[in-house]
Amino acid sequence: MERDDMYTVLQICDSAFPTGGFSHSMGTEAAVQNLYVQNTNDV
Numbered sequence: 084m085e086r087d088d089m090y091t092v093l094q095i096c097d098s099a100f101p102t103g104g105f106s107h108s109m110g111t112e113a114a115v116q117n118l119y120v121q122n123t124n125d126v
């Protein structure tokens, strides 16, 4: 495996790598945890 390929694999495997819906949530999880968003009308 080439060095650049290894770095890519390590980045994708990192738990901090944003994937799926979380990468486009615009902070919704934090807003829910801090009770800024409590129902669908708040979104």
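Sequential numbering of the sequence shown, starting at 84, is according to the working numbering.
Where a beta carbon is used, it is the ideal one built from N, C-alpha and C, also for glycine.
Ignore the nearest five residues each way along the sequence and tell me which others in residue i's own chain have a CB closer than 7 Å to its CB.
i, result
"glutamine 94", "Phe100"
Measuring straight from C-alpha to C-alpha, what distance separates residue i and residue j?
i, j, result
"threonine 111", "glutamine 121", "11 Å"
"cysteine 114", "asparagine 124", "At residue 114 the sequence reads alanine, which differs from the cysteine that was named. Roughly 13 Å between the two C-alpha positions."
"arginine 86", "serine 108", "32 Å"
"threonine 102", "cysteine 96", "10 Å"
"methionine 141", "serine 98", "Given that the chain is displayed from residue 84 to residue 126, the structure contains no residue 141 and the question cannot be resolved."
Grab me the residues of residue i's own chain with a C-beta within less than 8 Å of its C-beta, minus the 5 sequence neighbours each way, in chain order.
i, result
"valine 126", "Thr111, Val120"
"methionine 89", "none"
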